[in-house]
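Q: Numbering (this note's numbering), first residue to last: 106 to 763. We put the beta carbon where it would ideally sit given N, CA and C, even for glycine. If you're wondering where the values come from, they're calculated on a predicted model, not measured in any experiment.
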Ligand code: FEO
Ligand code: CA
Ligand code: CA
Ligand code: CA
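1. What distance in whole Å lies between the Cβ atoms of residue 535 and residue 342, which are believed to be in contact at a cut-off of 8 Å?
2. With 16 as the cutoff for other CB atoms within 10 Å, does residue 756 come out buried or exposed?
3. What would DSSP say about residue 419, mapped onto helix, strand or coil?
4. Excluding the 5 residues preceding and the 5 following residue 610 in the sequence, name in chain order all residues of the same chain whose CB lies nearer than 6 Å to its CB.
5. Taking contact to mean 3 or more Cβ pairs, one atom from each stretch, closer than 8 Å, check whether the region 221-232 and the region 305-319 are in contact.
6. Contact defined as beta carbons within less than 8 Å: I believe residue 529 pairs with residue 330. What is the distance between those atoms, to the nearest angstrom?
7. Can you say whether residue 283 is buried or exposed, counting buried as having 16 or more other CB atoms within 10 angstroms of its CB?
8. Under three-state DSSP, which class holds residue 289?
9. Just the Cα atoms here: how many angstroms apart are residue 743 and residue 222?
10. Quick check: residue 219 and residue 236, are their CB atoms within less than 7 Å of each other?
11. So, at 7 Å on beta carbons, what are the nonlocal neighbours of residue 659 in its own chain, with the 5 sequence-adjacent residues on each side left out?
12. Give me every residue whose Cβ sits closer than 7 Å to any heavy atom of ligand 3, in chain order.
13. State whether the region 472-484 contacts the region 391-407, with contact taken as three or more CB pairs (one from each stretch) at a distance under 8 Å.
14. Taking 6 Å as the cut-off, is the beta-carbon of residue 387 closer than that to any non-hydrogen atom of ligand 1?
15. May I ask you to report which of helix, strand or coil DSSP gives residue 639?
16. Looking only at its own chain, which residues have a Cβ that is under 7 Å from the Cβ of residue 418, when we skip the five neighbours before and after it?
17. Grouping DSSP H, G and I as helix and E and B as strand, with all else coil, what is residue 233?
18. List the endpoints of the continuous beta strand (DSSP E) containing residue 355.
19. When the Cα atoms are used, what is the spatial distance from residue 714 to residue 189?
20. Assess, as a yes-or-no matter, whether the region 397-408 is touched by the region 421-432 under the definition of 3 or more beta carbon pairs within less than 8 Å.
21. Note down the Cα distance separating residue 146 from residue 719, rounded to an integer number of angstroms.
22. Does ligand 1 have even one heavy atom less than 6 Å from the beta-carbon of residue 720?
23. What separation, rounded to the nearest whole angstrom, lies between the Cα atoms of residue 207 and residue 261?
24. Along the chain, where does the alpha helix (DSSP H) that runs through residue 623 open and close?
25. Tell me which residues share the same chain as residue 595 and place their Cβ nearer than 6 Å to its Cβ, disregarding the 5 neighbours each side in the sequence.
26. Any C-beta of chain D sitting closer than 7 Å to the C-beta of residue 469?
27. Could you tell me whether the region 647-654 touches the region 619-639, where touching means 3 or more Cβ pairs closer than 8 Å?
28. Does at least one heavy atom of ligand 4 sit under 6 Å from the Cβ of residue 570?
29. Under 7 Å between the Cβ atoms of residue 353 and residue 293?
30. Taking the C-alpha atoms as reference points, what is the distance between residue 782 and residue 590?
31. With a CB to CB cut of under 6 Å and the five nearest residues on each side skipped, what residues in its chain are close to residue 165?
32. To the nearest angstrom, how far is it from the Cα of residue 592 to the Cα of residue 681?
33. For residue 169, which residues from the same chain have a beta carbon less than 7 Å from its beta carbon, with the 5 sequence-adjacent residues on both sides left out?
34. Less than 7 Å between the beta carbons of residue 711 and residue 664, yes or no?
35. Quick check on residue 242: does DSSP put it in helix, strand or coil?
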């Protein structure tokens, strides 16, 4: 195998800064959970409205003005057979389907006159990396071409490159560490926009393309919203607090009805280092005193908090990108709050205001929603581009009785005032987590993706991936919405907004499924699903037929735990909510997570992302650690594993999942 190839960094979240705010927690949880399940089962038997009058009609009615309902008929069953778990170094899909790696780390993005090919010894230069796919693909969305049409055979994919691994990125790892090496890493993070087209039955990346674009950690981005011009956003390089270089740690995503892409900054605090005493704000957001993974702070003073104290405040936002205009300047929308943003699920309220659901993915963090001030007007693209600049941010409280409240994070209300450390709405948004603590939001088991049912108004789902600290001494106890201590497998929440209106101030909630095993005797490891067992749900999306797709991210340390024995590599399963039947559609290569999901408008092509194949061992060629041995997708003896977009079609050209 030659010289060991060192993967230096694992994608697991630093979790040593668990939310210690003293929000109320609930007791008698098991009882509450069980009675809720009984209610749901009753509802399933008698029709949801009978057991749950509040929900009457919710399964059918779309709120007036809700986003254009899917033109495709709602699926009533899954049309494929569940595949077995796998430990193979391959992407496996059901009989009748084809999955093909399509856009790998290092593949040219397609800039005219600048299309460097990937060098398998990782010797591509810093500049070449800026014209190539970044590392560690994550969230992704589809945009048909031409703009405004639902063309299923030609479009753009915008996708995130979440993080980098210096061990993989360079021929010689971190030897001779310098600014140029840090810049190569910065060029491997951010976003790609690629043009894709189906020609003669095969999907291709169009190269060169006038739409091709890489957004990196050094791309100019403007701030909008109340935090713009706040003192905490100002730096020597940006004395007005209105312009920042770059976006990073781009995790999950969103897509707006007006055709823009939302990329979400998640583990940005991992990059920053502060050697002197941390402020309460820095502590609450996880700024650390050291960083052995990225090492940018050693050579780029922007990430050294002792030198550039406000730079961390300029990350942790949702960024809007117009994929149809490669010359456009992306914008960070401060009205949507600052935290470790996982995704941004967009829908429309009954009156056409824009609603964005967002998770803050860390142990004991919160679920948020933003409601715009202005209404969406499909005839005014220009006005739409400002919709995310102004609105109200709410945080969720899941009450023990199955009701829920959206608590507004508004300066001057509910004690969010000067006496409690908030100077203005803009200041409050920079300190979003502190404001959410103050109003008593419910601490969740790591909120990841959120998905809105396209066939039912105001019906929303959120993956809570896991939380091994739940119930531990000194940490938040179990509660009705997070009912398992040492929650190794995670669960998926469901809520229905009052009146089926996403802008409502109240909701009813339940748990769609407890993830876990379907075999074994240990009740704490049991999943509540029928069919395909899975754990650590992360990616979550409806297709156009109302099938809910779940992608898992069991981290490399968790997957080796006994509770996960025999559950195989990370995977993607499908369900139709209400059925409790889950089928396994895809299994990934070794050491990867499955993420990123985009369907073409005809539901006949599915794009997904494979992130960090080969994660899990210091030496990815070590036969003693077979779970981490991967050279997917290139299968070269000298090949390092590469994250990649995968295109999936049905051999007969049919609808995915039918
Ligand atoms: Fe980037 Fe929470 O996953
Ligand atoms: Ca991950
Ligand atoms: Ca994720
Ligand atoms: Ca995850």
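A: So, to answer that:
1. Position 237 of the chain shown, counting from 1, holds the residue named residue 342. Position 430 of the chain shown, counting from 1, holds the residue named residue 535. Going by Cβ atoms, the distance from residue 342 to residue 535 rounds to 18 Å, so no, they are not a contact pair.
2. On the chain shown, residue 756 is found 651 positions in, with the first residue counted as 1. The residue in question, residue 756, is exposed, as its Cβ has fewer than 16 Cβ neighbours within 10 Å.
3. Stepping through the chain shown from its first residue, residue 419 is reached at position 314. Residue state, collapsed to three classes: helix.
4. For the purposes of this step, residue 610 is taken as residue 505 along the chain shown, with counting starting at 1. Cβ within range, chain order: 511.
5. no
6. Mapped onto the chain shown, residue 529 falls at position 424. Mapped onto the chain shown, residue 330 falls at position 225. Actually they are not in contact, since the Cβ atoms of residue 529 and residue 330 sit about 12 Å apart, beyond 8 Å.
7. Numbered from 1 along the chain shown, position 178 holds the residue referred to as residue 283. Per the 10 Å Cβ criterion, exposed.
8. Position 184 of the chain shown holds residue 289. If DSSP states are grouped into helix, strand and coil, residue 289 belongs with the helices.
9. The count along the chain shown starts at 1 and reaches residue 743 at position 638. The count along the chain shown starts at 1 and reaches residue 222 at position 117. Computed Cα separation, rounded: 16 Å.
10. Sequence index remark: in the chain shown, residue 219 carries index 114 (1-based). Sequence index remark: in the chain shown, residue 236 carries index 131 (1-based). Contact: yes.
11. What you label residue 659 is simply residue 554 of the chain shown in a count that begins at 1. Closer than 7 Å at the Cβ level, and outside the excluded window around residue 659, lie 640, 641, 669 and 675.
12. 243, 356, 357, 447, 466, 553, 554, 643, 644, 658 and 700
13. no
14. Walking along the chain shown from the start, residue 387 turns up at place 282. The answer is no for residue 387.
15. What you label residue 639 is simply residue 534 of the chain shown in a count that begins at 1. Correct three-state label for residue 639: strand.
16. The residue given as residue 418 occupies position 313 in the chain shown. Closer than 7 Å at the Cβ level, and outside the excluded window around residue 418, lie 337, 338 and 535.
17. Translated into positions along the chain shown, residue 233 becomes position 128. The answer is helix: DSSP assigns residue 233 an H, G or I state.
18. Within the chain shown, residue 355 is the residue found at index 250, counting from 1. Taken as a continuous stretch (DSSP letters only), the beta strand (DSSP E) holding residue 355 covers 355-360.
19. As a working note, residue 714 is residue 609 in the chain shown. As a working note, residue 189 is residue 84 in the chain shown. Using only the alpha carbons, I get a separation of about 20 Å.
20. no
21. Residue numbering aside, residue 146 sits at position 41 when the chain shown is read from its first letter. Residue numbering aside, residue 719 sits at position 614 when the chain shown is read from its first letter. Low confidence applies here, because residue 146 scores a pLDDT of 42, under 50, leaving its location unreliable; read the following figure in that light. Taking the straight line joining both Cα atoms gives about 41 Å.
22. Locating residue 720 in the chain shown gives position 615, where the first residue counts as 1. It does not: the Cβ of residue 720 is nowhere closer than 6 Å to a heavy atom of ligand 1.
23. Taking the chain shown and counting its residues from 1, the one referred to as residue 207 is at position 102. Taking the chain shown and counting its residues from 1, the one referred to as residue 261 is at position 156. Approximately 13 Å between the Cα atoms of the pair.
24. As a working mapping, residue 623 is identified with position 518 in the chain shown. No alpha helix (DSSP H) holds residue 623; DSSP gives it neither H nor E.
25. Mapped onto the chain shown, residue 595 falls at position 490. Excluding residues within five positions, the ones whose Cβ falls inside 6 Å are 569, 570, 571, 620, 641 and 642.
26. Absence of chain D from the displayed structure is noted, only one protein chain being present.
27. no
28. As a first step, residue 570 must be located in the chain shown, where it is residue number 465. Yes, the Cβ of residue 570 comes within 6 Å of a heavy atom of ligand 4.
29. To locate residue 353, count along the chain shown from 1; it is residue 248. To locate residue 293, count along the chain shown from 1; it is residue 188. Taking 7 Å as the Cβ cut-off, residue 353 and residue 293 do not qualify as a contacting pair.
30. Limits of the chain in this structure are 106 at one end and 763 at the other, which puts residue 782 out of reach.
31. Within the chain shown, numbered from 1, the residue matching residue 165 stands at position 60. Reliability of the predicted coordinates at residue 165 is poor, the pLDDT of 36 falling under 50, and no value is obtained from them.
32. As a working mapping, residue 592 is identified with position 487 in the chain shown. As a working mapping, residue 681 is identified with position 576 in the chain shown. When rounded, the distance between both Cα atoms is 24 Å.
33. As a first step, residue 169 is located in the chain shown; it is residue number 64 there, counting from the start. Unreliable placement is indicated for residue 169, whose pLDDT of 42 sits below 50; no coordinate value is reported for it.
34. On the chain shown, residue 711 is found 606 positions in, with the first residue counted as 1. On the chain shown, residue 664 is found 559 positions in, with the first residue counted as 1. No; because the gap between Cβ atoms is not below 7 Å, this pair is not in contact.
35. To locate residue 242, count along the chain shown from 1; it is residue 137. Strand.
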